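> If you read the sequence shown in our numbering, its first letter stands for residue -11, the second for the next number, and so on.
Submitted below is the structure of interest, expressed as structure tokens.
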Amino acid sequence: MAAAGVLQMLRAVGHLNLAPAERRNVQHASAQPPCTDHRAGGLPSASLPVRQRPYRYCNTIDTQTAKRPEAAVPHCKQLELLDPTMTQHDGRGGRPPRDGGSGPSHNPWGRAAPRTPAPRSAAPRAPAQHTSAVTPPAAAASGNAREVRLYGINAVQAVFKARPQALRKLYLSEARIPQFKALLAWCVTQRIGYRVVDEADLSKLAASAHHEGIVAEVLRVAPQPLQEWLAALPQGPVLALWLDGVGNPHNFGAILRSSAHFGVAGLLLPAGSTLGLSGAAARVAEGGAEAVPLVQLPDTATAMAQLRQAGFAIAATLVDGGQDVFAAALPQRLVYVMGAESEGMDRAFARDCDLQLSIRGSGKVESLNVASATAVFQAAWHARVLNGEH
């Protein structure tokens, strides 16, 4: 479906979802002059090119004011601006043309009333600070720690499928409109802000060139307490990972992806860990971040005691010196402890574990990286416990 056709469909979503009586009211209102927007210089909303519309299309008009178009403007359900400082794009990077070719230009973001210039102060003026047209991810995160900015096709689709109510804002390229028409329809009906932007702005929003044409701001899911997670587990075989020092977001994303593939029940984070979902980790996870819960552990001794009480064995994963994971008898309820990328597991912690396991190799390289090793350990448990291989 062409992008223009999808946009036409989105305009009609509000009308199609109305009851018959409400639909007749809207049809009556639509016979009035088109809804105008003072932010667009008094131009009808539909007369602006797609890329110059900083708001959602009008879905309904208050039928009590439909006979007076000038009074209906405040009731027009327009999209609030996602970022008032973001540059508009009309294909040339310029601003909207002036009416009649002369006079002051019409500001699509709204006009302020004329003000009397303030008297100049004798004090020296502070140097102007440059502000970016797009809020960077770090600034967005610091402003609201409850939200995280995700990017990538599978990452955003997974959020929409698992918890659509968590979506807060959406930015996408024009080329992605047909692929995300269901998500855009949801945004229209739920009054969630969305905006079509170009590749440069998407790269700024994601702080990465690997955004795949879509960026979303979503509510962050807080890790579950260990006891709450344990209480919700089913009986029978369960595999979990204890991430003891893993910090690289790409490794974390790869671990999330393999964990989703092998049905891992949770990723356990040590007390005081700052590891959490980021845009980079979610993209590498390819949707796996929505399938594997994060669990917050208490102190190490308490966590080990509570896990053992719930029937889990705890296995240290070592570069060498452990039992071959493909020869060992693996328990049905198992927690693998995965060490940091460079240092690996703490040796004292490893000795306190119930099992010490290693992956045998050719010896031509020192070891696998933590994400690759995690996938091998997961596959070994999955094959031997769930598939009954010996």
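All C-beta atoms in this analysis are idealised placements derived from N, C-alpha and C, irrespective of residue type, glycine included.
Computed from a predicted structure; not experimentally measured.
1. Should Asn239 be labelled buried (16 or more other beta-carbon atoms within 10 Å of its own) or exposed?
2. Identify every run of the beta strand (DSSP E) within the segment 149 to 219, keeping only runs that are complete inside it and at least 3 residues long; order them along the chain.
3. Determine the extent of the beta strand (DSSP E) in which Arg321 is found, giving its start and end residues.
4. If you run the structure through DSSP and keep just helix, strand and coil, what is Thr262?
5. State the Cα-Cα distance for the pair Ala154 and Val184, rounded to the nearest angstrom.
6. Starting from Ser390, trace the beta strand (DSSP E) in both directions and tell me its first and last residue.
7. Please name the residue, chosen from Leu214, Val358 and Gln145, that lies closest to Leu295 on a Cα-to-Cα basis.
8. Nearest by alpha-carbon distance to Trp230: which of Pro222, Asp287, Glu354 and Ala368 is it?
9. Would Ala361 be called buried (16 or more neighbouring beta carbons within 10 Å of its own) or exposed?
10. Using the three-state DSSP reduction, which class does Glu135 fall into: helix, strand or coil?
11. I need the boundaries of the beta strand (DSSP E) containing Arg355, first residue and last residue.
12. Does the segment 354 to 373 come close enough to the segment 255 to 270 to have 3 or more Cβ pairs within less than 8 angstroms?
13. Assess contact between the segment 191 to 204 and the segment 215 to 229, defined as three or more Cβ pairs (one per stretch) separated by less than 8 angstroms. Is contact present?
14. Pull the bridge partners of Leu345 from the DSSP assignment, please.
15. Does the beta-carbon of Arg137 have 16 or more other beta-carbons within 10 angstroms, so that it is buried, or is it exposed?
16. Excluding the 5 residues flanking Glu187 on each side, which residues of the same chain have their C-beta closer than 6 angstroms to its C-beta?
17. Looking at Pro281: is its Cβ nearer than 9 angstroms to the Cβ of Leu255?
18. Restricting to Cα atoms, I'd like to know which of Glu331, Ala338, Ser330 and Asp308 is closest to Arg348.
19. Assign Leu221 to one of three DSSP states: helix, strand, or coil.
20. Do Val203 and Val144 have their CB atoms nearer than 9 angstroms?
21. I'd like the span of the alpha helix (DSSP H) that includes Ala336, first residue to last.
22. Let me know if Asp312 comes out buried or exposed under the rule of 16 or more other beta-carbons within 10 Å of its beta-carbon.
23. Give me the Cα-Cα distance between Thr75 and Asp189, rounded to the nearest whole angstrom.
24. Would you kindly check if the distance between the Cβ of Pro211 and the Cβ of Gly264 is under 9 angstroms?
25. Please name the residue or residues paired with Trp230 in a DSSP beta bridge.
26. Just the Cα atoms here: how many angstroms apart are Ala303 and Ile141?
27. Quick one: is Arg339 buried, meaning 16 or more other Cβ sit within 10 Å of its Cβ, or exposed?
28. For Ala359, count the other beta carbons within 10 Å of its own beta carbon; 16 or more makes it buried, fewer makes it exposed. Which is it?
29. Taking all protein chains shown into account, do 16 or more other C-beta atoms lie within 10 angstroms of the C-beta of Ala59, making it buried, or fewer, making it exposed?
30. Would you call Glu331 buried or exposed, if buried means 16 or more other Cβ atoms sit within 10 Å of its Cβ?
31. Along the beta strand (DSSP E) that carries Leu282, what are the first and last residues, could you check?
32. Alpha carbon to alpha carbon, how far is Thr290 from Phe148?
33. What number of angstroms, rounded off, separates the C-alpha of Arg245 from the C-alpha of Glu274?
34. Please report how far the alpha carbon of Ala279 lies from the alpha carbon of Ala220, in whole angstroms.
35. Can you check whether the CB of Phe300 is closer than 9 angstroms to the CB of Leu285?
36. Using the beta-carbon count (16 or more within 10 Å), is Ser346 buried or exposed?
Concretely, from the data shown:
1. buried
2. 155 to 160, 181 to 184 and 202 to 207
3. Here the beta strand (DSSP E) through Arg321 covers Arg321 to Gly327.
4. coil
5. 20 angstroms
6. Outside the displayed range of the chain (-11 to 378) lies residue 390, so it cannot be described from this structure.
7. Minimum Cα distance to Leu295 is reached at Leu214.
8. Asp287
9. So Ala361 ends up on the buried side.
10. If DSSP states are grouped into helix, strand and coil, Glu135 belongs with the strands.
11. Looking at the sequence provided, one finds Ser at residue 355 rather than Arg. No beta strand (DSSP E) holds Ser355; DSSP gives it neither H nor E.
12. no
13. no
14. Residue pairing by DSSP puts Leu345 in a beta bridge opposite Thr305 and Gln311.
15. buried
16. none
17. yes
18. Asp308
19. coil
20. Judged by beta-carbon spacing, Val144 lies within the 9 angstroms limit of Val203, meaning their Cβ atoms are closer than that value.
21. Arg335 to Asp340
22. So Asp312 ends up on the exposed side.
23. Model confidence at Thr75 stands at a pLDDT of 37, short of 50, so the residue's coordinates are unreliable and nothing is read from them.
24. yes
25. Leu256 and Val325
26. Going by the C-alpha atoms only, they are around 35 angstroms apart.
27. exposed
28. The residue in question, Ala359, is buried, as its Cβ has 16 or more Cβ neighbours within 10 Å.
29. Note that Ala59 scores 37 on pLDDT, short of 50, meaning its location in the model is unreliable and no value can be drawn from it.
30. exposed
31. Leu282 to Gln284
32. 36 angstroms
33. 7 angstroms
34. 15 angstroms
35. no
36. buried
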